[in-house]
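Counting from 1, position 77 in the sequence shown corresponds to residue 76 in numbering that gives the first Met the number 0; the numbering is continuous, with no gaps. Quick reminder that beta carbons are idealized off the backbone N, C-alpha and C, glycines included. The structure appears below as structure tokens.
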Amino acid sequence: MDTDQNTAITEPEAHSAGSILRRCREFNRISLEEAAEATKIGKNYLRALEENRPQDLPSPAYLKGFLRTYAAYLGLQAEELLQLAAQQPGTAHAEPLKSDQVVQTLGGFHWQRLVLPAVLLTAVIVSAVFMVPSTPERPKPPAPQPASAVPQPAIPAAAVQPVRSSTVAATANTAAPQDAATEPALEPVAAPKARDGFMVRMKVNRNSSLSVIIDDAASQGYELTSGDLIEWKAARTIALDLSDAGSVDIELNGTPLKLQATPGKPAYVVLDANGLHR
Numbered sequence: 000m001d002t003d004q005n006t007a008i009t010e011p012e013a014h015s016a017g018s019i020l021r022r023c024r025e026f027n028r029i030s031l032e033e034a035a036e037a038t039k040i041g042k043n044y045l046r047a048l049e050e051n052r053p054q055d056l057p058s059p060a061y062l063k064g065f066l067r068t069y070a071a072y073l074g075l076q077a078e079e080l081l082q083l084a085a086q087q088p089g090t091a092h093a094e095p096l097k098s099d100q101v102v103q104t105l106g107g108f109h110w111q112r113l114v115l116p117a118v119l120l121t122a123v124i125v126s127a128v129f130m131v132p133s134t135p136e137r138p139k140p141p142a143p144q145p146a147s148a149v150p151q152p153a154i155p156a157a158a159v160q161p162v163r164s165s166t167v168a169a170t171a172n173t174a175a176p177q178d179a180a181t182e183p184a185l186e187p188v189a190a191p192k193a194r195d196g197f198m199v200r201m202k203v204n205r206n207s208s209l210s211v212i213i214d215d216a217a218s219q220g221y222e223l224t225s226g227d228l229i230e231w232k233a234a235r236t237i238a239l240d241l242s243d244a245g246s247v248d249i250e251l252n253g254t255p256l257k258l259q260a261t262p263g264k265p266a267y268v269v270l271d272a273n274g275l276h277r
């Protein structure tokens with residue numbers, strides 16, 4: 000009975016959302032650095048997801064977005080992982096189970112709680128099989144060509160220059176305007192519309208803090224850690240209130256921006272689609 004009780008208590012932890020993410024990443028031999036670069040999520044936040052520590056994220060609202068992005072990168076079902084994450088216990092420890100409760104748990108636990116993790120593990124194995132690169136075939140050596148007979152020296156042909164005729168040239172020049180006149184006028188092609196809004200990407204070089212206001216919405220606070228990568232998309236403006244102007248590198252639509260501020264000092268900048276807002 001003691002062995003069954005331990006199995007019933009520890010088995011859900013082995014099939015938690017974080018453990019499934021970590022095992023899938025390790026099975027595909029992907030480092031945390033590579034995953035952070037591909038998903039644009041900080042390495043510390045990915046480690047918090049794998050270790051089931053949602054309290055280490057900047058805000059509880061980030062949990063669903065980070066889980067969806069990380070699961071999509073690893074080829075997993077995001078909705079099933081979100082259900083597992085919602086079932087994780089809080090910080091308070093659960094009360095010890097009574098003997099009759101343990102019997103009920105053993106009777107219905109495997110059918111209700113282990114079906115979803117089993118499906119996820121099967122999806123991990125299937126996706127890993129398709130992600131393993133196949134060994135490229137070696138190119139076959141070219142077949143030897145049969146020895147060709149010694150070519151006979153060719154008799155050089157007399158060079159004949161084409162006959163130039165001013166009449167033909169004049170006729171061609173005269174016909175050209177007529178052909179141009181008969182061709183229908185081409186309709187002007189509409190220029191492609193520019194994409195709405197703009198994208199700002201920020202890379203953190205050392206620890207600092209930041210407040211962001213996107214399109215006059217509510218301010219959002221961040222505690223930045225060296226190595227973090229953050230992206231925002233806005234329609235009009237993005238206002239950044241930095242505690243250290245030299246702690247971050249900023250790109251606007253892929254173009255690096257140089258802040259007119261002293262490193263180590265706080266700075267407040269407003270960005271729009273054209274760059275620094277004056």
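I'd like the list of long-range same chain contacts for residue i, defined as Cβ closer than 8 Å, with 5 residues on each side in sequence excluded.
{"i": "E36", "result": "L228"}
{"i": "D302", "result": "The structure shown does not extend to residue 302, since the chain spans only 0 to 277, so no value can be given for it."}
What would DSSP say about residue i, mapped onto helix, strand or coil?
{"i": "S15", "result": "coil"}
{"i": "K232", "result": "strand"}
{"i": "A238", "result": "strand"}
{"i": "E79", "result": "helix"}
{"i": "D227", "result": "coil"}
{"i": "R200", "result": "strand"}
{"i": "I212", "result": "strand"}
{"i": "L119", "result": "helix"}
{"i": "L266", "result": "The sequence as given places Ala at residue 266; Leu does not occur at that position. Note: A266 maps to strand in three-state DSSP."}
{"i": "G253", "result": "coil"}
{"i": "S218", "result": "coil"}
{"i": "Q100", "result": "Residue placement at Q100 is flagged as unreliable, the pLDDT there being 40, under the threshold of 50; a coordinate-derived value is accordingly withheld."}
{"i": "D271", "result": "strand"}
Taking just the CA atoms, how far does residue j sit from residue i?
{"i": "L73", "j": "S58", "result": "23 Å"}
{"i": "N273", "j": "A16", "result": "42 Å"}
{"i": "R67", "j": "W231", "result": "17 Å"}
{"i": "K257", "j": "R46", "result": "31 Å"}
{"i": "G226", "j": "D248", "result": "11 Å"}
{"i": "E49", "j": "S18", "result": "6 Å"}
{"i": "R22", "j": "A84", "result": "16 Å"}
{"i": "P255", "j": "K202", "result": "11 Å"}
{"i": "I40", "j": "E32", "result": "10 Å"}
{"i": "Y267", "j": "L20", "result": "38 Å"}
{"i": "V118", "j": "I237", "result": "42 Å"}
{"i": "A60", "j": "D240", "result": "21 Å"}
{"i": "E10", "j": "T121", "result": "Residue placement at E10 is poorly supported in this model, since its pLDDT is 48, which falls under 50; the coordinates still yield a value, given next. The alpha-carbon atoms of E10 and T121 are separated by roughly 17 Å."}
{"i": "Q87", "j": "H276", "result": "45 Å"}
{"i": "V51", "j": "G64", "result": "Looking at the sequence shown, residue 51 is not Val but Asn. Their backbone Cα atoms lie some 15 Å apart in a straight line."}
{"i": "P262", "j": "S246", "result": "7 Å"}
{"i": "A169", "j": "D271", "result": "Residue placement at A169 cannot be trusted, given a pLDDT of 38 that sits under 50; the coordinates are not used to answer."}
{"i": "G220", "j": "D214", "result": "15 Å"}
{"i": "L56", "j": "V269", "result": "26 Å"}
{"i": "T38", "j": "L75", "result": "14 Å"}
{"i": "Q54", "j": "K42", "result": "15 Å"}
{"i": "V125", "j": "S242", "result": "47 Å"}
{"i": "Q82", "j": "L62", "result": "12 Å"}
My understanding is that residue i touches residue j, with C-beta atoms under 8 Å, so please give their C-beta distance in whole angstroms.
{"i": "A233", "j": "A244", "result": "Not really, about 20 Å apart at Cβ, beyond 8 Å."}
{"i": "T224", "j": "N204", "result": "11 Å between Cβ atoms; not a contact."}
Once the 5 residues before and after residue i are set aside, which same chain residues still bring their CB inside 7 Å of it?
{"i": "A252", "result": "Ala is not the amino acid found at residue 252; the sequence shown has Asn there. Hits under 7 Å: F197 and M198."}
{"i": "S30", "result": "none"}
{"i": "K264", "result": "A244"}
{"i": "A127", "result": "F26 and N27"}
{"i": "A216", "result": "none"}
{"i": "T166", "result": "Note on T166: pLDDT 38, under 50, position unreliable in the model; no value is reported."}
{"i": "F129", "result": "none"}
{"i": "Y305", "result": "Outside the displayed span of the chain (0 to 277) sits residue 305, for which this structure offers no information."}
Can you list, in chain order, the residues of its chain with a C-beta nearer than 6 Å to that of residue i? Leave out the 5 residues immediately preceding and following it.
{"i": "A70", "result": "A77 and L80"}
{"i": "P116", "result": "H14"}
{"i": "G106", "result": "For G106, the predicted model reports a pLDDT of 43, less than 50, meaning its position is unreliable and no value from the coordinates is stated."}
{"i": "S218", "result": "S210 and I212"}
{"i": "V123", "result": "C23"}
{"i": "E222", "result": "S208"}
{"i": "R200", "result": "E230 and E250"}
Hey, is residue i close to the ligand ADP, as in C-beta under 6 Å from one of its heavy atoms?
{"i": "M201", "result": "Among the ligands in the structure shown, none appear at all, so the ligand ADP cannot be discussed."}
Does any CB atom of chain C fall closer than 7 Å to the CB of residue i?
{"i": "A77", "result": "The structure shown contains no chain C, having only a single protein chain."}
Subject >> In chain order, each alpha helix (DSSP H) run of at least 4 residues that lies wholly inside the stretch 17-88 >> reply: 31-38, 42-49, 61-73 and 77-85
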